[in-house]
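Each residue of the sequence shown is one higher than the last, beginning at 29 in the numbering used here. All C-beta atoms in this analysis are idealised placements derived from N, C-alpha and C, irrespective of residue type, glycine included.
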Amino acid sequence: MRTAAKELNSITSTGALFGRKLNVSIPTAVSGKGVWIFDEHNNGYLDAAGGCAVVNVGHGVTEIAEAIGQQAETLAYVNGTQFTNVAAEGLADALAPHLSATVPDPRCYFLSTGSEAVEAAIKFARQVWVERGKPGKWQFISRRPSYHGNTLAGLSLSAREHYKTAFLPLLLPFEKILAPLGEGEDLQLAEALEAMLLKLGPENVAAFIAEPIGGSSTAATVPDLDYWPKVRKICNRYDVLLIADEVMCGMGRTGRWLASEHFGLQADIVTLGKGINGGYAPLSAMVASGELVAEIAQGSGQFLHAGTYSHTPVMCAAGLATVQYLEKHQLVERSAEMGNLLHNKLLRLKQFSSVGKIQGRGLFAGIEFLDDPALRKPFQRNRKFIEKLVAE
Ligand code: PMP
Numbered sequence: 029m030r031t032a033a034k035e036l037n038s039i040t041s042t043g044a045l046f047g048r049k050l051n052v053s054i055p056t057a058v059s060g061k062g063v064w065i066f067d068e069h070n071n072g073y074l075d076a077a078g079g080c081a082v083v084n085v086g087h088g089v090t091e092i093a094e095a096i097g098q099q100a101e102t103l104a105y106v107n108g109t110q111f112t113n114v115a116a117e118g119l120a121d122a123l124a125p126h127l128s129a130t131v132p133d134p135r136c137y138f139l140s141t142g143s144e145a146v147e148a149a150i151k152f153a154r155q156v157w158v159e160r161g162k163p164g165k166w167q168f169i170s171r172r173p174s175y176h177g178n179t180l181a182g183l184s185l186s187a188r189e190h191y192k193t194a195f196l197p198l199l200l201p202f203e204k205i206l207a208p209l210g211e212g213e214d215l216q217l218a219e220a221l222e223a224m225l226l227k228l229g230p231e232n233v234a235a236f237i238a239e240p241i242g243g244s245s246t247a248a249t250v251p252d253l254d255y256w257p258k259v260r261k262i263c264n265r266y267d268v269l270l271i272a273d274e275v276m277c278g279m280g281r282t283g284r285w286l287a288s289e290h291f292g293l294q295a296d297i298v299t300l301g302k303g304i305n306g307g308y309a310p311l312s313a314m315v316a317s318g319e320l321v322a323e324i325a326q327g328s329g330q331f332l333h334a335g336t337y338s339h340t341p342v343m344c345a346a347g348l349a350t351v352q353y354l355e356k357h358q359l360v361e362r363s364a365e366m367g368n369l370l371h372n373k374l375l376r377l378k379q380f381s382s383v384g385k386i387q388g389r390g391l392f393a394g395i396e397f398l399d400d401p402a403l404r405k406p407f408q409r410n411r412k413f414i415e416k417l418v419a420e
């Protein structure tokens, strides 16, 4: 045991920290400014992806740091069952105008991580059906490939097998349909939702969940324009709620406040995370339409969910300052503008034989790497192409 621990120390430089990667040594980040991260040796790293689409306002923004400090000084914590608070109310009101094109009369429930927002969305959708007297509706349909989080229900919705294999006995049996490809044939992939609903029986299905523009699993795939209208129609016809997971593609990343806007998509529930607070404090949101929230208010009177840190003032103050910063500097419009430039320049990568599709909207871009582009053959996973590219 002691030898193993010694070996662990030789491969990680992290002392007592149980870090994310146990078999590699990674740099220690010390500071950040704008698009740059600096390590302990003052090496600078261009934070091109904003972590994982998190840092959408840059590092070292004084206004956000001050808002967090002021909130911590004024009021650190209250429990959401006993008090509402000014920061949470302010953040919800500031977000609402940016969400209402997608969720009518949006109501925001604040949590800490994207996985928690997805988990809350699942429970909320399920509770709506229980309140409506349709307790048979408990199943959820998602897509393959997809990623909706690392909690057990989020993982159950996700089609990312290497994250799931070890935990399969603990996961829920949610069905998947194939994700769209944006290559002109997505209408058929949308129709697969109808086939799946008929297979499961719509009386057993609570909701369909998907990313409006694909995130980490489909590298910013933009579905064909007829995809989302068809999905919305099917959900309406079979009385199934539609959850748009905007944890990665939302909050301005694609050049619109929500990626759903590119398609005129109306969702019943939206999940937000990552860029909602630019990375300054953990924050996510489950946003539901006022109509659905009213049904629960007039029914049992309480969303059956709880969390010590839901609606916490400090994280909401960070979120409010971030939304104000995005507005003041028109960064969502800027994302659209700079996105055009980025996508034009990315086209140059087409000269490399390993580059396949280049896709996305705004400052959200995905590049497909292929071993054989003519056959659309991906690299064998064990060649670790992406790890080598990232290391470079
Ligand atoms: N949904 C989507 C679409 C995501 O991309 C992610 C994170 N990559 C999550 C949910 C989970 O968010 P978190 O890692 O903050 O729990």
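Taking the Cβ atoms as the reference, ARG154 lies roughly 5 Å from ALA234, within the contact range of under 8 Å.
Within the region 292 to 337, the complete beta strand (DSSP E) segments at least 3 residues long are 297 to 300 and 312 to 317, listed from N- to C-terminus. Around the ligand PMP, the residues whose beta-carbon falls short of 7 Å from at least one of its heavy atoms are CYS80, THR141, GLY142, SER143, GLU144, VAL146, TYR175, HIS176, GLY177, ASN178, GLY182, GLU239, GLY243, SER244, ASP273, VAL275, MET276, THR299, GLY301, LYS302 and SER312, given in chain order. Taking a contact as a CB-CB distance under 8 Å, the pair LYS258 and ALA218 counts as one, their CB atoms being some 4 Å apart. According to DSSP, ALA393 shares a beta bridge with GLY388. Three or more beta-carbon pairs separated by less than 8 Å are not found between the region 316 to 329 and the region 351 to 358, which leaves the two stretches without contact. Every unbroken stretch of the alpha helix (DSSP H) spanning 4 or more residues and falling wholly within the region 161 to 230 is given here in chain order: 180 to 185, 189 to 192 and 214 to 228. Here DSSP, grouped into helix, strand and coil, assigns ARG376 to helix.
The Cβ atoms of LEU375 and LEU119 do not sit closer than 7 Å to each other. Taking a C-beta distance under 7 Å as the contact criterion, GLY43 and LYS61 do not qualify as a contact pair. Residue environment analysis places ARG48 among the exposed positions, since fewer than 16 neighbouring C-beta atoms fall within 10 angstroms of its C-beta. A Cβ-Cβ contact shorter than 7 Å links ALA287 with ILE241. A direct Cα-to-Cα measurement between GLU213 and ARG284 gives close to 25 Å. Taken atom to atom, the span from the alpha-carbon of PRO341 to that of ARG411 is near 46 Å.
Counting the other Cβ atoms within 10 Å of the Cβ of GLN408 gives fewer than 16, which makes it exposed.
Per DSSP, the unbroken alpha helix (DSSP H) holding PHE413 starts and ends at 413 to 419. Its Cα nearest to that of ILE262, the residue PHE236 stands out among PHE236, LEU370, VAL250 and ALA419. In the DSSP assignment, LEU139 falls within the unbroken beta strand (DSSP E) covering 134 to 139. Here ARG281 is buried: its Cβ has 16 or more other Cβ atoms, across all protein chains shown, within 10 Å. The bridge partners DSSP lists for GLY72 are PHE66.
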